[in-house]
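Trainee: The first sequence begins at -10 in our numbering and counts up one residue at a time. Using N, Cα and C, we set each Cβ at its ideal position, and we do this for glycine too. Dropping the structure in here first, questions after.
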Amino acid sequence: MQYWLMKSEPDEVSIAHLAAEPDRSFPWTGVRNYQARNFMRDAMHVGDLAFFYHSSCAEPGIAGICEICSAAYPDPTQFSAVDRYYDPKSSPDKPRWWLRDVRFVARTRLLGLPEMRACSALTAMPVLARGNRLSITPVTPAEWQFIAGGLLGLNRFRG
DNA sequence: GCCAACGTTGGC
DNA sequence: GCCAACGTTGGC
């Protein structure tokens, strides 16, 4: 069991989309960064929890929680020539890009970047590092508890 | 829309 | 295997 932070542009997939279909599995398509791929392919487990982070939007920050709900499998968008995430160097017998499905767990209040930056307990989080672009990053148990149980006040994550 | 930071590509 | 050029990310 590990914790994660996963960035999504809410114009494409937001926590509201997940909340609208709480029983649906959403494939986390479009990751084209090897480090983020390796996290999904090799390090995640079914049942892991992730902060759902809204990026490239008016108010970037944590907007909810989702759960990893599938094993790793090849991202189908890499094989489709008409898809924006098409990768001509990939092939079905040797896929480059792997993903997981996630499903809705909870919406939270928007925990914005400035508030996160103000917390000394969170200074090591990659999402707060200058110039960080990695869309999937690990979250330590202490960070998870501080945010989920503390800042967001979710009882089930109180320590 | 700007632009700094970063990852990837490809020529050599 | 170096590294300049390029494309992308993402906060502001």
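Check whether the segment 84 to 103 touches the segment 52 to 68, taking contact to mean three or more Cβ pairs, one atom from each stretch, closer than 8 Å.
Mentor: yes
Trainee: With burial defined as no fewer than 16 other Cβ atoms inside 10 Å of the residue's Cβ, what is the status of residue 29: buried or exposed?
Mentor: buried
Trainee: Could you round the C-beta distance between residue 86 and residue 72 to whole angstroms and report it? I think they count as a contact, below 8 Å.
Mentor: In fact, because the Cβ distance is near 11 Å, the residues do not count as touching under 8 Å.
Trainee: Would you mind reading off the limits of the alpha helix (DSSP H) that contains residue 133?
Mentor: 130 to 133
Trainee: So for residue 97, helix, strand or coil by DSSP?
Mentor: strand
Trainee: Taking Cβ to Cβ, would you say residue 123 is nearer than 8 Å to residue 25?
Mentor: Yes, the Cβ-Cβ distance between residue 123 and residue 25 is below 8 Å.
Trainee: CB-CB under 7 Å to residue 89, same chain, minus the five flanking residues each way: which ones, in chain order?
Mentor: These residues qualify, in order along the chain: 17, 29, 33, 57, 59, 61.
Trainee: Less than 8 Å between the CB atoms is what I'm expecting for residue 20 and residue 125, so what's the real figure, rounded?
Mentor: 7 Å
Trainee: Can you give, in chain order, each stretch of the beta strand (DSSP E) that sits fully within the segment -4 to 65 and has at least 3 residues?
Mentor: You should have 38 to 43, 50 to 57.
Trainee: Roughly how many angstroms separate the alpha carbons of residue 133 and residue 66, rounded to a whole number?
Mentor: 31 Å
Trainee: Once you ignore the five residues that flank residue 114 on each side, which residues in its own chain have a CB closer than 8 Å to its CB?
Mentor: Cβ neighbours of residue 114 beyond the five flanking positions: -6, 105, 126, 128, 132.
Trainee: Indicate the three-state DSSP secondary structure (helix, strand or coil) for residue 145 in the structure shown.
Mentor: Note: residue 145 maps to helix in three-state DSSP.
Trainee: Is the separation between the beta-carbon of residue 15 and that of residue 92 shorter than 8 Å?
Mentor: yes
Trainee: Short of 7 Å in beta carbon distance, which residues of its chain neighbour residue 147, apart from the five on each side in sequence? Order them along the chain.
Mentor: 138
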